[in-house]
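Residue numbers (this note's numbering), protein chains in the order written: chain A, 49 to 188; chain B, 49 to 188. Encoded as structure tokens, the structure appears first; notes follow it.
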DNA sequence: TTACCTGCAAACTGTTTGCCGCTGT
DNA sequence: ACAGCGGCAAACAGTTTGCAGGTAA
């Protein structure tokens with residue numbers, strides 16, 4: 049566990065939410081400008097093997113990273129207005145159990161975000177709702 | 049609906065499963081060599097707006113396309129041996145209903161494949177099982 | 001003429017790799 | 001001396017875009 053690995057791990061764990069590799073890089077570089085982006089990627093891979101961090105794919109295809117101590121949870125991403133909300137884990141566990149019993153498959157249900165239409169956008173299908181909560185993300 | 053759009057739509061619908069943009073391109077080009085890859089991408093986007101095709105993201109991040117008449121279903125992808133199996137839709141509908149009731153969220157649950165460990169790989173964690181069903185995909 | 005569609009080539013993004021020097025043991 | 005790590009730049013894959021010519025109404 050070298051210095052830069054420690055720094056990168058800290059950068060991820062110091063944040064409650066998810067963070068892209070680029071953002072990790074930005075955070076690290078702010079204090080330690082000599083650290084390289086490829087080091088960030090290599091370290092993320094390394095830390096994931098050690099089960100210290102994990103990544104999740106959101107709608108835009110960019111991986112987001114988070115520490116393992118983070119509560120396991122899931123995200124609902126609206127494909128129209130781009131809004132995100134967190135999901136109670138309890139909703140996923142029945143599915144998880146089913147998958148294990150029926151298929152013996154141990155799913156990492158948090159690996160991908162859940163995509164769809166939020167209530168507001170579903171209501172007035174066709175036009176984005178008033179809730180332009182986030183940047184109108186690239187529609188995946 | 050131009051000729052190439054028709055051709056591309058046919059290429060997708062003529063196949064029961066999923067197909068990457070590159071593969072659509074290859075299929076189309078086999079008969080009509082002058083069609084361009086960017087046309088394929090533009091047409092896929094166009095056809096998706098018309099709700100004639102949809103796409104799903106698998107573990108490797110590459111989009112796969114399929115016709116809408118295709119049975120909606122989901123895939124289980126093993127992150128270790130790369131094997132894939134189809135998933136009974138019925139397992140997902142309870143979650144779907146929950147999401148609608150609790151959050152008003154209308155999820156497209158087939159948009160992303162489900163990632164995890166298949167029974168065999170879970171059994172002997174650490175080493176790939178005998179079931180090397182598919183190419184050991186990039187671990188996403 | 002007008003609007004749209006297409007082919008081509010070039011750009012762009014996130015991510016990965018090869019190489020080589022540096023470091024600690 | 002050795003092994004591993006990190007910096008740099010270049011490569012890579014999939015996808016997107018700008019532009020100019022073409023086609024149909």
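Virtual Cβ for every residue (Gly too), placed ideally from N, Cα, C.
Contact with chain B is found for residue 156/A, since one of that chain's Cβ atoms lies less than 8 Å from the residue's Cβ. Excluding residues up to 5 positions away in sequence, 121, 122, 123, 124, 162 lie with their Cβ nearer than 8 Å to the Cβ of residue 135/B in the same chain.
With a threshold of 8 Å between beta carbons, residue 163/B makes contact with chain A. Counting only runs of 3 or more residues that sit fully inside the region 117–179 of chain B, the beta strand (DSSP E) segments are 122–126, 132–135, 162–165, in chain order. Under the 8 Å criterion on CB atoms, residue 133/A is classed as interfacial with respect to chain B.
Residue-level contact by beta carbon holds for residue 142/A and chain B, with a gap shorter than 8 Å. Bounds of the beta strand (DSSP E) holding residue 104/B are 101–105. In the structure shown, residue 87/B adopts helical secondary structure according to DSSP, grouped into three states.
Contact between residue 69/A and residue 83/A does not hold, since their C-beta atoms are separated by about 12 Å, which reaches or exceeds 8 Å. Excluding the 5 residues flanking it on each side, residue 154/A has same chain C-beta neighbours closer than 7 Å at 148, in chain order. Proximity of residue 89/B to chain A, defined by a Cβ-Cβ separation below 8 Å, is not satisfied. Its chain contains 124 as the residues whose beta carbon lies nearer than 6 Å to that of residue 133/A, once the 5 sequence neighbours on both sides are disregarded; these appear in chain order. Annotated as proximal: residue 103/A and residue 96/A, with beta-carbon spacing under 8 Å. Distance from the CA of residue 100/A to the CA of residue 115/A, rounded to the nearest whole angstrom, comes to 6 Å.
DSSP places residue 65/B outside any beta strand (DSSP E), giving it a letter other than H or E. Residue 115/B: member of the beta strand (DSSP E) spanning 111–115, first to last residue. When Cβ-Cβ separations below 8 Å define contact, residue 65/A makes no contact with chain B.
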